[in-house]
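Just add 1321 to the spot in the sequence shown (first one is 1) and you have our numbering.
Think of the CB as a built atom: it goes at the ideal place given N, C-alpha and C, for glycine as much as any other residue.
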Amino acid sequence: MAACTKCGGEMKHDAKFCKACGSSVESGKHDEKKARVLAGEQKSPKTAIFVGVAVAVLVVGWLVYGNISRARSMDRPLEGQVAREGNSYLQYTVVTAQNGDVTVPLGSLQGGSASYFVYNANGKDIKFFALRATDGTVRVALDSCTSCYHAKLGYRQNGETMVCNNCGMSFRSTDVGHITGGCSPIPLKNSQDVKTVVVKAKDLEEGAKYF
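What follows is the structure in structure tokens.
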């Protein structure tokens, strides 16, 4: 037996009208459908709020990502410019030979910063740098290597490392002057005392082919 949706009276399953109140079964179904629709309308504001919050989160996330990306890209313009232009922005100190020796005062080495020098031999500028490594020793090398010398971009300093402007390979200050070959700065033989570093002019001239 079924129950009337209006008065609750008992009805046969196949009955179309309630004998007690005369209500139509179809009317009851219509009311149930209406009730479900109304219930759905009551839930829709919550759904709309949820969708709105989700969209807001996505928009904020996108803006934050965009700002971070722009900040990162702005951190690298100088590095990219240096890599393209090599060491054209650097001021190389001109040095000359006396009795076959090129002398660099140790006082010109400021802390751990590399100092750059240029020696001219028969119209060819031969560039080299000297720096005080983190272990306190002074290292001297050509501003070039056997791999990337054709680019003529030299090395830039990045903290405690020297970085090839052409390929980006970096070398610790304590490796400069010890590691040879590849993209490492070409070591220069030198002698040192408490005041100066001395490089033979002939050793510099042998490196002219890398410039």
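Cβ shell of residue i (< 7 Å), same chain only, five flanking positions each side left out
i: V1461; result: F1449, A1451, G1498, L1509, N1511, V1518 and V1520
i: R1493; result: E1481 and T1482
i: A1341; result: C1325, C1328 and G1330
i: P1426; result: K1516 and T1517
i: D1524; result: L1509 and K1510
i: C1469; result: C1485, N1487, C1488 and C1504
Straight-line Cα distance separating residue j from residue i
i: S1491; j: A1454; result: 14 Å
i: N1441; j: I1447; result: 6 Å
i: D1422; j: V1439; result: 14 Å
i: H1471; j: C1504; result: 12 Å
i: G1457; j: D1496; result: 13 Å
i: G1489; j: Q1412; result: 21 Å
i: Q1431; j: V1484; result: 19 Å
i: V1459; j: E1526; result: 21 Å
DSSP-derived helix/strand/coil call for residue i
i: S1409; result: coil
i: L1452; result: strand
i: A1418; result: strand
i: D1533; result: Because residue 1533 is not part of the residues shown, which for the chain are 1322 to 1532, the question remains open.
i: E1481; result: coil
i: A1435; result: coil
i: S1429; result: helix
i: D1446; result: strand
i: K1473; result: coil
i: A1341; result: coil
i: E1527; result: helix
i: R1393; result: Reliability of the predicted coordinates at R1393 is poor, the pLDDT of 40 falling under 50, and the value obtained from them is presented with this limitation in mind. Reduced to three states, the DSSP call for R1393 is helix.
Same chain only: Cβ atoms within 8 Å of residue i, ignoring 5 sequence neighbours per side
i: I1507; result: A1462, L1463, S1465, C1466, T1467, T1501, G1528 and Y1531
i: V1403; result: In this prediction, V1403 scores a pLDDT of 46, lower than 50, which makes its location untrustworthy; no coordinate-derived value is stated.
i: D1514; result: none
i: T1414; result: S1429, S1436, Y1437, F1438 and V1439
Burial state of residue i (16 or more Cβ within 10 Å)
i: V1416; result: buried
i: L1399; result: In this prediction, L1399 has a pLDDT of 41, which is less than 50 and means its spatial position is unreliable; what the coordinates show is noted afterwards. Per the 10 Å Cβ criterion, exposed.
i: G1428; result: exposed
i: G1475; result: buried
Beta-carbon proximity list for residue i, same chain, < 6 Å, skipping 5 on both sides
i: A1418; result: A1522
i: A1435; result: F1450, L1452 and Q1478
i: T1424; result: T1517 and V1519
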